[in-house]
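Novice: Shown below is the structure under consideration.
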Amino acid sequence: MEIEIKRIAYNPRLDENSFAANLFINGEKAATVNCKNRMTKYYALDGKGLELVKQAEDFIKKLPGEKKVIDGKEQTVKPTLIDHIDGLFNKYLNDIKLKKFDKKVDQIQKKNIVIGEYGRYTRTHPVKELTGLLLQDQGREILKQTITNHVIPTMSENEQILNNNISETILKAAGLKQPQYRKGETDQKEKVSNQKKTGMKP
Numbered sequence: 001m002e003i004e005i006k007r008i009a010y011n012p013r014l015d016e017n018s019f020a021a022n023l024f025i026n027g028e029k030a031a032t033v034n035c036k037n038r039m040t041k042y043y044a045l046d047g048k049g050l051e052l053v054k055q056a057e058d059f060i061k062k063l064p065g066e067k068k069v070i071d072g073k074e075q076t077v078k079p080t081l082i083d084h085i086d087g088l089f090n091k092y093l094n095d096i097k098l099k100k101f102d103k104k105v106d107q108i109q110k111k112n113i114v115i116g117e118y119g120r121y122t123r124t125h126p127v128k129e130l131t132g133l134l135l136q137d138q139g140r141e142i143l144k145q146t147i148t149n150h151v152i153p154t155m156s157e158n159e160q161i162l163n164n165n166i167s168e169t170i171l172k173a174a175g176l177k178q179p180q181y182r183k184g185e186t187d188q189k190e191k192v193s194n195q196k197k198t199g200m201k202p
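For what it's worth, full-length UniProt numbering labels the leading residue of the sequence shown as 1, then goes sequentially.
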């Protein structure tokens, strides 16, 4: 069963604990959703919407429960449709956060090797004319050596190189292995280019 929330209205400056949205079930608008002070409620639009909501409630009840510690004892808590809606909204907020993070990386990666934990923090190793280095063999070799000698030794176990403008070929040659780097736009462009050369469809 497909359960979605759309047309989300959320203004954290006014109230970060409230939002409104439309609830879609199997592609049909079934209910409106209102959350105030972290209390989420939904209201079926009509008879058909009510039927869809009941189907969704039954569907959610059959999903595996979540283990939680309550009063010092581990218990399995059965999910509800409200729990599911709250989860969808939290995903919506996280997606916004990641888009902002990606935008930040896109800006600073033009002159830096960007290191960090995705979605959490970044730190940088400045590289003059990084974009220019990527355009020539000698420059790519310099970049590879920089990563090998100056970046990798500083990386903690949980850190990655977050640049999406450095190809996987360079990163691997520098001594990195997954998940020490993130695949980005450059890898997709290389893949398409190679497929065109071999006559394969992307």
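Idealized CB from N, CA, C, for every residue including glycine.
1) Got a sec? Which residues, its chain only, sit under 7 Å from GLY175 by beta carbon, not counting five neighbours each side?
2) With DSSP collapsed to three states, give me the class of LEU171.
3) Grouping DSSP H, G and I as helix and E and B as strand, with all else coil, what is THR186?
4) Taking Cβ positions, are GLU2 and ASN26 nearer each other than 8 Å?
5) On the three-pair Cβ rule with 8 Å, is the stretch 151-168 touching the stretch 112-123?
6) Can you give the beta carbon distance from LYS67 to THR76, rounded, assuming they're within the 8 Å contact cut?
7) Any beta carbon of chain B sitting closer than 8 Å to that of ASP15?
8) Which class does LYS128 belong to by DSSP, given the choice of helix, strand or coil?
9) Leaving out the 5 sequence neighbours to the left and right, which residues in its chain are closer than 7 Å to ILE170 when beta-carbon positions are compared?
10) DSSP three-state label for TYR92, please.
11) Can you tell me which of the three DSSP states GLY72 falls into?
12) Taking DSSP as the reference, what is the three-state secondary structure of ARG13?
13) For THR148, does the three-state DSSP call read helix, strand or coil?
14) By the 10 Å Cβ neighbour count, where 16 or more other Cβ atoms means buried, how is ASN163 classified, buried or exposed?
15) Out of SER167, LYS172 and LEU23, point me to the one whose CA is closest to ILE82's CA.
16) Can the beta-carbon of LYS61 be found less than 8 Å from the beta-carbon of LYS78?
17) Please tell me whether LEU52 and ALA20 are closer than 8 Å, where the distance is taken between their beta carbons.
18) Can you give the Cα-Cα distance for LEU135 and ASP102, rounded to whole angstroms?
19) So who's on the other strand from ILE60, going by DSSP bridges?
Specialist: Reading it off the structure:
1) Counting from one through the sequence shown, the residue named residue 175 turns up at place 175. Here the set comprises THR148 and ILE152.
2) Within the sequence shown, residue 171 is the residue found at index 171, counting from 1. In the structure shown, LEU171 sits in a helix (DSSP, three-state: H, G or I).
3) Locating residue 186 in the sequence shown gives position 186, where the first residue counts as 1. In this prediction, THR186 has a pLDDT of 49, which is less than 50 and means its spatial position is unreliable; nothing more can be read from the coordinates.
4) Indexing the sequence shown from 1 puts residue 2 at position 2. Indexing the sequence shown from 1 puts residue 26 at position 26. Yes, Cβ-Cβ distance for GLU2 and ASN26 is below 8 Å.
5) Contact between the stretch 151-168 and the stretch 112-123 is present: 3 or more CB-CB pairs across the two stretches fall below 8 Å.
6) Start at 1 with the first residue of the sequence shown, and residue 67 comes out as number 67. Start at 1 with the first residue of the sequence shown, and residue 76 comes out as number 76. 6 Å between Cβ atoms; contact.
7) Included in the structure is just one protein chain, with no chain B present.
8) The count along the sequence shown starts at 1 and reaches residue 128 at position 128. Look at LYS128 here: in three-state DSSP terms it is coil, with no helix or strand label.
9) As a working mapping, residue 170 is identified with position 170 in the sequence shown. So the qualifying residues of the chain are ARG140, LEU143 and LYS144.
10) Position 92 of the sequence shown holds residue 92. TYR92: helix per DSSP, three-state reduction.
11) The residue given as residue 72 occupies position 72 in the sequence shown. Here GLY72 sits in coil by DSSP.
12) Taking the first residue of the sequence shown as 1, we reach residue 13 at position 13. Reduced to three states, the DSSP call for ARG13 is coil.
13) Stepping through the sequence shown from its first residue, residue 148 is reached at position 148. Looking at THR148 - three-state DSSP - the assignment turns out to be helix.
14) Counted from its first residue, the sequence shown places residue 163 at position 163. ASN163 comes out buried.
15) The count along the sequence shown starts at 1 and reaches residue 82 at position 82. For the residues SER167, LYS172 and LEU23, the minimum Cα distance to ILE82 belongs to LEU23.
16) Taking the sequence shown and counting its residues from 1, the one referred to as residue 61 is at position 61. Taking the sequence shown and counting its residues from 1, the one referred to as residue 78 is at position 78. Closer than 8 Å, so yes.
17) The residue given as residue 52 occupies position 52 in the sequence shown. The residue given as residue 20 occupies position 20 in the sequence shown. Against a cut-off of 8 Å, the Cβ pair of ALA20 and LEU52 comes out as no contact.
18) Residue numbering aside, residue 135 sits at position 135 when the sequence shown is read from its first letter. Residue numbering aside, residue 102 sits at position 102 when the sequence shown is read from its first letter. Each residue's Cα considered, the two are about 23 Å apart.
19) Looking up residue 60 in the sequence shown gives position 60. Its beta-bridge partners do not exist; DSSP assigns none.
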